[in-house]
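Working notes for the structure below.
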Amino acid sequence: MSIKPPLPPFTRESAIEKIRLAEDAWNSRDPQRVSQVYSADTRWRNRSEFVEGQEAVVAFLQRKWAKELEYRLIKELWAFDGARIAVRFAYEWKDDSGNWFRSFGNENWEFNEQGQMFARHACINDLPIQESERQFHWPLGRRPDTHPGLSDMGF
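Here the sequence shown stands for residues 1 to 155, numbered as in UniProt numbering.
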């Protein structure tokens, strides 16, 4: 089992670091990379879908990013305690017809002693937007350190 620092119990600083590492992985849109931060027996609830295990995470993310094109994500700390972190997030994407969306949500995470996430509960709402309303304009991949976060943007 691999170690994925920072490890619980989390401080404010280590929770923020853990969140940024997760954001960076998701913005890579590489299902294999993302799956490595989850335990082999990870369990998710994502909207109305239930996912169990790293292989299922990879399949889920492959389907997700085949549908959600031009995906750009920002995550932000909401709360933390011990081995748990609560995150709020927003991401923008377009479908294969060129329709743009901003998806808002909250996630509750729980980690094992090795720093791997074994529980993820996500609630997400999609808001159709016009392309002119987009706010996440960095090149695909990691959000630049100079790009504002959700609170800075008024989300």
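Every residue gets a Cβ at the ideal spot worked out from N, C-alpha and C, and that includes glycine. Quantities reported herein were computed from a predicted structural model and do not represent experimental measurements.
Under the three-state reduction of DSSP output, residue 27 falls in the helix class. Apart from the 5 residues on each side of it in sequence, residue 71 sits with its Cβ closer than 7 Å to the Cβ of 29, 65, 91, 93 in its chain, given in chain order. When the beta-carbon positions are compared, residue 116 and residue 39 come within less than 7 Å of each other.
Between residue 109 and residue 68, the alpha-carbon positions lie close to 23 Å from each other. Note that the C-beta distance between residue 106 and residue 88 is below 7 Å. One thing to note: residue 75 has its Cβ within 7 Å of the Cβ of residue 23. Nearest in C-alpha terms to residue 140, of all of 18, 73, 37, is 73. Per DSSP, reduced to three states, the secondary structure at residue 152 is helical. Within its own chain, the residues whose Cβ lies closer than 8 Å to the Cβ of residue 19, once the five positions on either side in sequence are excluded, are 75, 76, 77, 85, 87, listed in chain order.
In summary, residue 27 is buried, with 16 or more beta-carbon neighbours lying within 10 Å of its beta-carbon over all protein chains present. Under the DSSP assignment, residue 107 falls in the beta strand (DSSP E) whose first and last residues are 100-111. Pairing residue 16 with residue 114 gives a Cβ-Cβ distance that is not under 7 Å.
Residue 138 sits in coil when the DSSP states are folded into three classes, being neither helix nor strand. The beta carbon of residue 96 is closer than 8 Å to those of 67, 69 in its chain, skipping five residues each way along the sequence.
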